[in-house]
Amino acid sequence: MTRKLALLGSALCVLASAGVASADDLPVRRAGLWEMKLVTSGSPVPEMTMQHCTDETVDKEMSNNVSPMAKQICTKQDVKKTASGYVSDSECSVAGVSTSSHAEITGDFNSAYTVKSSSHAQGGVAGAAGRDTTMTLQAKWLGACKADQKPGDIVMPGGFKMNVRDMDKLKALLPK
């Protein structure tokens, strides 16, 4: 169960990083099934591939749900449109761990996009020296969602399935 919660938390962080901006700042992804491959270094999070069934409503809800949490924990959240996509810089603090991050988001949100981020965490479990982490999320559109999926469903490694509309349940499980 702990492993599933860790993977679930990682997945939500990945989704949040793609939705760091408000719903008006980033384009909405094409409706359907997206494969998202996450590769990290400097982190205990293993490489993983997830599938996310989405539609316009779910993408907007995810951005709107992440924004209030981010406003509570982040002192800086800048998103800028660039010639090739978007750049995001943030400074956040949770449970005594301060994290600064920089992300570059490229792609068309219609067939594929990539999020490349680097972050530095200090304090708490990161330790006095801090921890540097890099992450690459490669997302590609696979087509229509499967017959047994509804918008918001995420299938994690090992077949663990959850719906992002149940984020309130996850928030209750996370340490305060």
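Under mature numbering (1 follows the signal peptide of the UniProt record, and there is no 0), the letters of the sequence shown match residues -23 to -1, 1 to 153, in that order.
Glycine is no exception: its CB is placed at the ideal position from the N, C-alpha and C atoms.
All of these numbers come straight from a predicted model, not from anything done at the bench.
Tell me which same chain residues have a C-beta within less than 7 Å of the C-beta of residue i, skipping the five on either side of it?
i          : result
residue 51 : 67, 68 and 69
residue 62 : 81, 82, 83 and 84
Determine the extent of the beta strand (DSSP E) in which residue i is found, giving its start and end residues.
i           : result
residue 93  : 89 to 99
residue 112 : 108 to 120
residue 80  : 74 to 84
residue 200 : Because the chain spans -23 through 153 in this model, residue 200 falls outside it and cannot be assessed.
residue 56  : 51 to 58
residue 136 : Residue 136 -> no beta strand (DSSP E), and no H or E assigned at all.
Which residue from the options puts its Cα closest to that of residue i?
i           : options            : result
residue 72  : 37, 117, 11 and 49 : 49
residue 83  : 77, 92 and 75      : 92
residue 127 : 90, 31, 22 and 3   : 31
Only counting the same chain, and skipping five residues up and downstream in sequence, which positions put a Cβ closer than 6 Å to that of residue i?
i           : result
residue 14  : 26 and 115
residue 142 : 129
residue 100 : 73, 74 and 75
residue 81  : 64 and 93
According to DSSP, is residue i part of a helix, a strand, or is it coil?
i           : result
residue 34  : helix
residue 143 : helix
residue 126 : coil
residue 40  : helix
residue 65  : strand
residue 132 : strand
Decide if residue i is buried, meaning its Cβ has at least 16 other Cβ atoms within 10 Å, or exposed.
i           : result
residue 36  : buried
residue 135 : exposed
residue 124 : exposed
residue 120 : exposed
residue 88  : exposed
residue 98  : buried
residue 33  : exposed
residue 38  : buried
Who are the near neighbours of residue i in its chain, counting only those whose CB is closer than 8 Å to its CB and skipping five residues on each side?
i           : result
residue 218 : Given a span of -23 to 153 for the chain in the structure shown, any question on residue 218 remains unanswerable.
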